[in-house]
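Q: Below are the structure tokens for one structure; questions will follow.
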Amino acid sequence: MPVADIATAPAIEVSHLVKTYSGVTAVNDISFTVARGEIIGFLGPNGAGKSTTMRILTGYLPATSGSVNLCGLPVATQPDDVKRLIGYMPENNPLPEDMRVIEYLYYRGRLKEVPRRKLGPRLDEILELCDLKRVRHRLIGKLSKGYRQRVGIAEAVLAEPPVIIMDEPTIGLDPHQILIVRDLIASLRGRMTVLISSHILPEIEVTCDRVLIINGGRVVAQGTPAELRRDILGHSTYRIDVAGDIAALPALLAGIEPTLKITETAETAADGFCALTLTTGSNDELGETLLRALTAKNFRVRALSRAHPTLEDVFLAATKRSWDVKDVPAPKRAVK
Amino acid sequence: MKHFWTILSHEIRMLLVNPATYIAAVLFLGVMGVIFSWIVEQYSGSAQEYSPAVLFFTLFWVPVCFMVPLFTMKCLAEERRLGTLETLLTTSVTTTEVVLGKFFASYFLYCALWASTGAYFYLLRHFSDDVRFLDPASIVGGYTFIAVSGLFFVSIGVFTSSLTRSQPVAGICSCALLLVLTLGTNILHDTEMLSTVTVLHPLRDAVDYAHVFQHLDDFCRGVVDTRELLFYLSGTVLALIFSVLGIEARLLHS
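Chains as they are written, first to last, in my numbering: chain A, 161 to 496; chain X, 21 to 274.
As structure tokens, then:
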């Protein structure tokens, strides 16, 4: 491939990727593309095939079929060139226990072919970036989980590769450390393409430009968090505290928007107010119209809010939907 | 092979800063020192057929069978157990470079430990002032044998370490293989059945070829047979190829 194509090709191109081992299909026909400089979140329940996909992307595991290109280079035929383009932090962040932080990063820098001359200043820079300066001479085995994660991240970004792949970088961190890691990843935006998998959904929502949800080895949804909300959930929810003739409300709501319905009614309180949950298929903001219509009909409104579904709701809906699609029951095991 | 030197220097460095290396070295030198002083005692009692160096090197199997597994069992099994092999192989390092780096680091330690036993001969010469005790030819021959056979013994240790995640399993396997190769061939060689039963003659030839004690004897007498060199070198290459395949097979089927 000409050099110009390598510079402009998408960072990651996965097409019809399949991986089976010992009869189990871990990844089943996955296709997706990641643009340069994008931060993409990889979501999925345990055993969905996230780690396997990431390992195939890094050239560590061979794929059964399908193709994976990184910056235009095919992983299957040019694994050595591809590995130079990747910074990878595996699941559980394995690190040697008996090395000091600085020694480890120096060794990894040499393996990643960072020239000796540039390695010193680069190490200083990376220690500063990951806030590891204080522990640079400590043994990795004696570091706390947060520091270990940061050593893993520092190692992944050390050689400034165009693509960073991190398998659950924030697992086991406290909220303060999550914030630091989040800032760190955000600082890479635009410069490097980052693919991260995580179970912490708000985390993904804040950090990532785009989300890819996989389940049972298949991509079940992809897009920006807002797109996913619209596509997967397909409705908006309003919560309202209202007093008045509740029985007349459905007709009034249908007048505002045909799909607007009451889905939940709480008991009427002593002061006459009742908390209702309304849903609608429309994505337009109906709050103001609703408020005007209700007050015009002499309803008293105490509170009105539009509920924002979290990525968690989207994730649950998307993975549930993909389970529903699978109609083949699991084979029964023979009883011994 | 760009990364070979990086891995080798890193491994040697890690061996030198690891307290376990020094504990192993002290144990090794202690055991070999006791053996050496026992030999010297025997010689001071009565005249013997061989020079003390020959007898000393005949007991090479003691450190080989117990020390080699101890310092090779960790090299690949530990990396696999911790998962650091994954981080290593996701850089542009090849499996061959990793195996060779680990192998030569262990071999370096093996040679360094044996080289330090040279001090015994120096001390003996210094305090006895009797050159009859020391036959330079057999000492040089013995150390050459140690260096050449060490390649094969250490590669067996590296190979067993590539097969499993568990260090004790790797250690026990290499100990067993080394015992079979050294003492096993010696016992088989002395078995009468091999010479009397015609069907077993090919086996006898094979045992003769792999008879490590015979090789030692030849080296100590100054005979460097290319067949013996080939035996150790081809064995080393084969064990290292199997180590590389052992790791790659695990990746394919993991």
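Note that the Cβ used here is the ideal one computed from N, Cα and C, for glycine as well.
Quantities reported herein were computed from a predicted structural model and do not represent experimental measurements.
If the cut-off is 7 Å on Cβ atoms, which residues from the region 100-115 of chain X count as contacting chain A, listed in chain order?
A: The region 100-115 of chain X vs chain A, Cβ under 7 Å: 102, 103, 104, 106, 107, 109, 110, 111, 112, 113.
Q: Considering only the alpha carbon of each residue, which of X:158, X:134, X:136 lies closest to residue 73 (chain X)?
A: By 1-based counting over the second sequence, the position of residue 73 (chain X) is 53. Nearest option by C-alpha distance: X:158.
Q: How far does the alpha helix (DSSP H) with residue 206 (chain X) in it extend, from its first residue to its last?
A: For the purposes of this step, residue 206 (chain X) is identified with residue 186 of the second sequence, where counting begins at 1. Counting along the chain, the alpha helix (DSSP H) containing residue 206 (chain X) begins and ends at 205-210.
Q: Using a C-beta to C-beta distance shorter than 7 Å, which residues of chain X count as neighbours of residue 250 (chain A)?
A: For the purposes of this step, residue 250 (chain A) is identified with residue 90 of the first sequence, where counting begins at 1. By Cβ distance, chain X contributes 103, 106, 107.
Q: Distance check for residue 455 (chain A) and residue 416 (chain A), CA to CA, integer angstroms please.
A: Position 256 of the first sequence, counted from the first residue, corresponds to residue 416 (chain A). Position 295 of the first sequence, counted from the first residue, corresponds to residue 455 (chain A). Approximately 13 Å between the Cα atoms of the pair.
Q: For residue 26 (chain X), return the contacting residues in chain A, with the cut-off set at a CB-CB distance below 9 Å.
A: As a first step, residue 26 (chain X) is located in the second sequence; it is residue number 6 there, counting from the start. Result: 267, 270, 271.
Q: Given a threshold of 16 other Cβ atoms within 10 Å of its Cβ, counted over all protein chains shown, does residue 25 (chain X) qualify as buried or as exposed?
A: Along the second sequence, one-based indexing puts residue 25 (chain X) at 5. Counting Cβ neighbours within 10 Å, residue 25 (chain X) comes out exposed, since fewer than 16 surround it.
Q: To which residues of the same chain is residue 197 (chain X) closer than 7 Å at the C-beta, ignoring the five residues directly before and after it?
A: Locating residue 197 (chain X) in the second sequence gives position 177, counting from the first residue. Excluding positions up to five away in sequence, the list reads 176, 180.
Q: Rounding to the nearest angstrom, what Cα-Cα distance links residue 42 (chain X) and residue 34 (chain X) in this structure?
A: Residue 42 (chain X) sits at position 22 when you count from the first residue of the second sequence. Residue 34 (chain X) sits at position 14 when you count from the first residue of the second sequence. Using only the alpha carbons, I get a separation of about 12 Å.
Q: What does residue 240 (chain A) reach in chain X if we use C-beta pairs closer than 7 Å?
A: Translated into positions along the first sequence, residue 240 (chain A) becomes position 80. Simply 112.
Q: Pick helix, strand or coil for residue 182 (chain A), following the three-state DSSP scheme.
A: Your numbering for residue 182 (chain A) matches position 22 in the first sequence. It is coil, neither helix nor strand.
Q: Taking only beta-carbon atoms, is residue 206 (chain X) less than 8 Å away from chain A?
A: On the second sequence, position 186 is the one that residue 206 (chain X) refers to. Chain A contact via Cβ: absent.
Q: For the alpha helix (DSSP H) that contains residue 94 (chain X), what are its first and last residues?
A: On the second sequence, position 74 is the one that residue 94 (chain X) refers to. Residue 94 (chain X) -> alpha helix (DSSP H) spans 81-102.
Q: Are the CB atoms of residue 265 (chain A) and residue 385 (chain A) within a distance shorter than 8 Å?
A: Here residue 385 (chain A) corresponds to residue number 225 of the first sequence, with the count starting at 1. Here residue 265 (chain A) corresponds to residue number 105 of the first sequence, with the count starting at 1. Going by C-beta atoms, residue 385 (chain A) is not nearer than 8 Å to residue 265 (chain A).
Q: For residue 136 (chain X), which residues of its own chain have a beta-carbon under 8 Å away from its beta-carbon, when the five flanking residues on both sides are left out?
A: For the purposes of this step, residue 136 (chain X) is taken as residue 116 along the second sequence, with counting starting at 1. Excluding positions up to five away in sequence, the list reads 45, 49.
Q: Consult DSSP for residue 488 (chain A) and reduce its assignment to one of helix, strand or coil.
A: Translated into positions along the first sequence, residue 488 (chain A) becomes position 328. Here residue 488 (chain A) scores only 43 on pLDDT, less than 50, and its place in the model should not be relied on; the value that follows carries that caveat. If DSSP states are grouped into helix, strand and coil, residue 488 (chain A) belongs with coil.
Q: Measure the alpha-carbon distance for residue 312 (chain X) versus residue 468 (chain A) and round it to whole angstroms.
A: Nothing about residue 312 (chain X) can be reported from this structure: the residues present for chain X run from 21 to 274 only.
Q: Using beta-carbon positions only, say whether residue 372 (chain A) and residue 201 (chain A) come within less than 8 Å of one another.
A: One-based indexing of the first sequence puts residue 372 (chain A) at position 212. One-based indexing of the first sequence puts residue 201 (chain A) at position 41. Yes, the Cβ-Cβ distance between residue 372 (chain A) and residue 201 (chain A) is below 8 Å.
Q: Does the separation of the CB atoms of residue 355 (chain A) and residue 474 (chain A) fall below 8 Å?
A: Mapped onto the first sequence, residue 355 (chain A) falls at position 195. Mapped onto the first sequence, residue 474 (chain A) falls at position 314. Against a cut-off of 8 Å, the Cβ pair of residue 474 (chain A) and residue 355 (chain A) comes out as no contact.
Q: Beta-carbon of residue 327 (chain A) versus every beta-carbon of chain X: anything under 8 Å?
A: Counted from its first residue, the first sequence places residue 327 (chain A) at position 167. Taking Cβ atoms only, chain X never reaches closer than 8 Å to residue 327 (chain A), which makes this a no.
Q: Could you say which of X:251, X:203, X:221, X:167 lies nearest to residue 124 (chain X) if we only look at CA atoms?
A: As a first step, residue 124 (chain X) must be located in the second sequence, where it is residue number 104. Nearest of X:251, X:203, X:221, X:167 to residue 124 (chain X), Cα basis: X:167.
Q: In the DSSP assignment, the alpha helix (DSSP H) including residue 289 (chain A) goes from what residue to what residue?
A: Residue mapping note: residue 289 (chain A) aligns to position 129 of the first sequence, counting from 1. Counting along the chain, the alpha helix (DSSP H) containing residue 289 (chain A) begins and ends at 276-289.
Q: So, is the C-beta of residue 221 (chain X) closer than 8 Å to a C-beta in chain A?
A: Start at 1 with the first residue of the second sequence, and residue 221 (chain X) comes out as number 201. No, its Cβ sits nowhere closer than 8 Å to a Cβ of chain A.
Q: Is it right to say residue 459 (chain A) is buried, meaning 16 or more other beta carbons lie within 10 angstroms of its own, or is it exposed?
A: Looking up residue 459 (chain A) in the first sequence gives position 299. Buried, by the Cβ-count rule.
Q: Taking only beta-carbon atoms, is residue 272 (chain X) less than 8 Å away from chain A?
A: If you number the second sequence from 1, residue 272 (chain X) lands on position 252. Closer than 8 Å to some Cβ of chain A, the Cβ of residue 272 (chain X) qualifies, so yes.
Q: With 9 Å as the C-beta to C-beta threshold (strictly closer), list the residues of the region 117-146 of chain X near chain A in chain order.
A: Flagged: no residues at all.
Q: For residue 164 (chain A), name the three-state secondary structure that DSSP assigns.
A: Stepping through the first sequence from its first residue, residue 164 (chain A) is reached at position 4. Unreliable positioning characterises residue 164 (chain A) in this predicted model, as indicated by a pLDDT of 49, which lies under 50. A coordinate reading is not provided.
Q: Which residue wins for smallest C-alpha separation from residue 256 (chain X), given the options X:191, X:171, X:204?
A: As a first step, residue 256 (chain X) must be located in the second sequence, where it is residue number 236. Cα-wise, what sits closest to residue 256 (chain X) is X:171.
Q: DSSP state of residue 249 (chain A), grouped into three classes?
A: As a working note, residue 249 (chain A) is residue 89 in the first sequence. Residue state, collapsed to three classes: strand.
Q: Below 6 Å CB to CB, which residues in the same chain sit around residue 494 (chain A) once its five sequence neighbours on both sides are set aside?
A: Here residue 494 (chain A) refers to the residue found at position 334 when the first sequence is read from its first residue. Legend: pLDDT at residue 494 (chain A) = 42, less than 50; position of this residue unreliable, value from coordinates given subsequently. Correct list: empty, nothing qualifies.
Q: If we call anything under 8 Å between Cβ atoms a contact, is residue 247 (chain A) one with residue 184 (chain A)?
A: Along the first sequence, read from residue 1 onward, the residue named residue 247 (chain A) stands at position 87. Along the first sequence, read from residue 1 onward, the residue named residue 184 (chain A) stands at position 24. Result no, Cβ atoms of residue 247 (chain A) and residue 184 (chain A) do not sit closer than 8 Å.
Q: Taking the straight line between their C-alpha atoms, what separation do you get for residue 90 (chain X) and residue 260 (chain X)?
A: Residue mapping note: residue 90 (chain X) aligns to position 70 of the second sequence, counting from 1. Residue mapping note: residue 260 (chain X) aligns to position 240 of the second sequence, counting from 1. Each residue's Cα considered, the two are about 18 Å apart.
Q: Express the C-alpha separation of residue 287 (chain A) and residue 362 (chain A) in angstroms, rounding to a whole number.
A: Reading the first sequence from its first residue, position 202 is the one you call residue 362 (chain A). Reading the first sequence from its first residue, position 127 is the one you call residue 287 (chain A). Spanning the two alpha carbons is a distance of roughly 27 Å.
Q: So if DSSP puts residue 234 (chain A) in a beta bridge, which residue, or which two residues, is it bridged to?
A: Start at 1 with the first residue of the first sequence, and residue 234 (chain A) comes out as number 74. Answer by DSSP bridge pairing, in chain order: A:229.
Q: For the alpha helix (DSSP H) containing residue 270 (chain X), name the first residue and the last one.
A: Position 250 of the second sequence, counting from 1, holds the residue named residue 270 (chain X). From DSSP, the alpha helix (DSSP H) with residue 270 (chain X) extends over 246-273.
Q: If you draw a straight line from the alpha carbon of residue 350 (chain A) to that of residue 336 (chain A), how long is it in whole angstroms?
A: As a first step, residue 350 (chain A) is located in the first sequence; it is residue number 190 there, counting from the start. As a first step, residue 336 (chain A) is located in the first sequence; it is residue number 176 there, counting from the start. Those two C-alpha atoms are separated by around 24 Å.
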